[in-house]
Amino acid sequence: RRGEQGPEGCVLPIDLGTEDIACLLGTTRQSVSSLINQWQREGVLSRRGRRALLIHDLPALAARSLAQG
3 RRGEQGPEGC
13 VLPIDLGTED
23 IACLLGTTRQ
33 SVSSLINQWQ
43 REGVLSRRGR
53 RALLIHDLPA
63 LAARSLAQG
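Set out below in structure tokens:
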């Protein structure tokens, strides 16, 4: 486990940029960025600097990521 639980949710450090994540997933940087932004608007997560995400609702994030295919 890499995340650290806090009062607002789980802080997940990410050692990769959106382009690196996209390459690993076989998609575009724009797609990764769009999904992160969408999940931010929905209140599922928020950014903590350039290299960390705060996951407010892990079950909701899991459900959304599975629904995206």
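Numbering-wise (the working numbering), the sequence shown opens with residue 3 and increments by one. Quick reminder that beta carbons are idealized off the backbone N, C-alpha and C, glycines included. Treat the numbers as computed from the prediction; the structure is a model and nothing was measured.
Exercise for the section: Count the other CB atoms, across all protein chains shown, that sit within 10 Å of the CB of residue 47; report buried if there are 16 or more and exposed otherwise. Expected result: buried
Practice task
Give the range of the beta strand (DSSP E) segment to which residue 6 is assigned.
Solution key: 6 to 8
Problem - Rounded Cβ spacing between residue 49 and residue 42 (contact assumed at less than 8 angstroms) - result: 7 angstroms
Handout entry: Sequence-distant residues of the same chain with beta carbon closer than 8 angstroms to residue 60, five excluded per side
Key = 11, 12
Practice task
Round the Cβ separation of residue 55 and residue 16 to the nearest angstrom and send it over; I've been treating them as touching at under 8 angstroms.
Solution key: 6 angstroms
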